Amino acid sequence: MDHRYLAHYFNSQTVRRHIELNMVSSAGQNTVSQGTMLDIPVPCPGLETQREIVAELEKQFSRLDEAVANLQRVKANLKRYKASVLKAAVEGRLVETEASLARREGRTYETGEQLLQRILGERRAKWAGRGKYKEPDAANQSVLGGLPDGWTWIAVDAIAFVTKLAGFEYTKYVTYANDGDLAVLKAENAGPDGFRRTDFSRVHSDSVSTLTRSRVGAGDLLMVFVGAGTGNVACTPNDREYFLGPNIAMIRVDPANVNSPYVEMFLRSPTGKNLALGLTKAVAQPSLSMGNIRMIPVALPPIAEQVRIVAEVDRHLSIIREVAAEVDANLQRAQALRQATLAKAFTASTQH
Numbered sequence: 072m073d074h075r076y077l078a079h080y081f082n083s084q085t086v087r088r089h090i091e092l093n094m095v096s097s098a099g100q101n102t103v104s105q106g107t108m109l110d111i112p113v114p115c116p117g118l119e120t121q122r123e124i125v126a127e128l129e130k131q132f133s134r135l136d137e138a139v140a141n142l143q144r145v146k147a148n149l150k151r152y153k154a155s156v157l158k159a160a161v162e163g164r165l166v167e168t169e170a171s172l173a174r175r176e177g178r179t180y181e182t183g184e185q186l187l188q189r190i191l192g193e194r195r196a197k198w199a200g201r202g203k204y205k206e207p208d209a210a211n212q213s214v215l216g217g218l219p220d221g222w223t224w225i226a227v228d229a230i231a232f233v234t235k236l237a238g239f240e241y242t243k244y245v246t247y248a249n250d251g252d253l254a255v256l257k258a259e260n261a262g263p264d265g266f267r268r269t270d271f272s273r274v275h276s277d278s279v280s281t282l283t284r285s286r287v288g289a290g291d292l293l294m295v296f297v298g299a300g301t302g303n304v305a306c307t308p309n310d311r312e313y314f315l316g317p318n319i320a321m322i323r324v325d326p327a328n329v330n331s332p333y334v335e336m337f338l339r340s341p342t343g344k345n346l347a348l349g350l351t352k353a354v355a356q357p358s359l360s361m362g363n364i365r366m367i368p369v370a371l372p373p374i375a376e377q378v379r380i381v382a383e384v385d386r387h388l389s390i391i392r393e394v395a396a397e398v399d400a401n402l403q404r405a406q407a408l409r410q411a412t413l414a415k416a417f418t419a420s421t422q423h
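Following this line, the structure appears as structure tokens:
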């Protein structure tokens, strides 16, 4: 028997179904017995027919493999294109800057630096009468790159409230309940591409009522601070209130002054991700302290420009998602066509 013929047959859905139907579970793993393998029925035409079938399959699969390779290249290019869009966005190259617009229209505008000073002034005013005020961390401008006109470097601490829940708070107050009314956000919900919905754990809101800072709402940002996903960021959707779970920090910006999706986009960009990961502790498991997160630099444009940047990024990402979905659909079709080709070949072989 031609070994290539046998190899193609064992890749067919017929054999896979036979194996799946006869699997047994042992020590938590599925296994296939030698008897099951020996019982697999194999169509056995003459040797010359086997070779003809192999030649035809390899011709068909060569074309199919080339098509799949092209689709995989498109996927890789989409990933690079997405990174380049985010990089251009946070470097002021995706939309016209507010500075350029203002010059062209002959008007003034609030620069990123003026916006920052206004935010800091409002924070000081709110703190008045509550004791000594601690100035937020400032970005180290000397080690950061240049920015477009009207932009400034700021530290997350200057524009956001950053927090997590301590281990003792979980031990004392948090008990998961299947019928709980609050969905718990965990590290798995902040993926490399933003917010990910999962089968949420739940808690009863009355059981965690004392943990007021653990409530997470629309526009709050999540950042994974320990483990493989360290640095992943997501913006919380506006569909419900959530509870802040383990291994994830909340970053809450004032929506009146800073566009939360812009900050998410910056931190997800190659530039922002590198700045965040540059602050991780050099230990076996990467991690960021709350102090590290507060120190992450963010390139801050004027508020109107933030909104325009987010809209343009969303437009590009929407196109990327559509193309990626079409590529995935074509990859699935290619796999189905491969199986259909095998089925046709081996059905024909039984007639010889």
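Going by the numbering used here, the sequence shown opens with residue 72, and the numbers climb by one from there.
Where a beta carbon is used, it is the ideal one built from N, C-alpha and C, also for glycine.
Computed from a predicted model, the values in this text were never measured in an experiment.
query, result
"Distance between beta carbons of Thr182 and Pro373, contact taken as under 8 Å", "6 Å"
"Contact belief for Arg339 with Val304 at Cβ below 8 Å, rounded distance in angstroms", "5 Å"
"The region 182 to 194 / the region 221 to 233 touching (three or more Cβ pairs under 8 Å)", "yes"
"Residues that DSSP places opposite Phe81 in a beta bridge", "Answer by DSSP bridge pairing: none, since Phe81 is not bridged."
"Candidates Leu191, Gly217, Gly216, Tyr313: closest to Gly205 by CA position", "Sequence inspection shows Lys at residue 205; the Gly mentioned does not correspond to that position. The shortest Cα separation from Lys205 among Leu191, Gly217, Gly216, Tyr313 belongs to Leu191."
"Gln356 classed as buried or exposed, judged by whether at least 16 other C-beta atoms fall within 10 angstroms", "exposed"
"CA-to-CA distance, Tyr241 to Arg75, given in whole angstroms", "58 Å"
"Segment limits, beta strand (DSSP E) that includes Val233", "231 to 234"
"Residues that DSSP places opposite Val324 in a beta bridge", "Ala231"
"Nearest-angstrom beta carbon gap, Pro341 and Lys158 [assumed within contact, 8 Å]", "5 Å"
"Whole-Å CB distance - Asn330 paired with Gln377, under 8 Å assumed", "4 Å"
"Exposure label - Phe239; buried when at least 16 CB within 10 Å", "exposed"
"Contained alpha helix (DSSP H) runs [length at least 4] in the region 294 to 356, N- to C-terminal order", "331 to 339, 341 to 348"
"Sub-8 Å separation of Lys235 and Met361 beta-carbons", "yes"
"Bridge-paired residues (DSSP) for Phe266", "Ala261"
"Which of helix, strand or coil DSSP assigns to Trp222", "coil"
"Thr281 classed as buried or exposed, judged by whether at least 16 other C-beta atoms fall within 10 angstroms", "exposed"
"Nearest-angstrom Cβ-Cβ length linking Ala414 and Gln84, presumed shorter than 8 Å", "7 Å"
"Distance, Arg201 Cα to Arg195 Cα", "10 Å"
"4 or more residues per run - each alpha helix (DSSP H) lying fully within the region 178 to 203", "183 to 198"
"Secondary structure of Asn249, DSSP reduced to three states", "coil"
"Secondary structure of Thr102, DSSP reduced to three states", "strand"
"Pairwise C-alpha distance: Thr168 and Gly265", "25 Å"
"Where Arg87 falls: helix, strand or coil (DSSP)", "helix"
"Residue closest to Ala347, alpha-carbon to alpha-carbon, out of Thr301, Asp325, His387", "Thr301"
"Terminal residues of the beta strand (DSSP E) in which Arg164 lies", "Per DSSP, Arg164 belongs to no beta strand (DSSP E) and is neither H nor E."
"8 Å Cβ cutoff, Glu259 in contact with chain B", "Absent from the structure is chain B; it holds one protein chain and no more."
"Cβ contact check for the region 308 to 323 and the region 223 to 233: 3 or more pairs under 8 Å", "yes"
"Pairwise C-alpha distance: Gly298 and Ala396", "29 Å"
"Straight-line gap, Gly216 to Arg144 (C-alpha atoms, nearest Å)", "32 Å"
"Terminal residues of the alpha helix (DSSP H) in which Arg365 lies", "361 to 366"
"Ser272, DSSP secondary structure in three states", "strand"
"Cβ pair count under 8 Å reaching 3, the region 247 to 254 against the region 265 to 278", "yes"
"CB contact flag (Val394, Leu165, <8 Å)", "no"
"Which listed residue (Arg87, Thr307, Glu123, Glu129) has its alpha carbon closest to that of Pro112", "Arg87"
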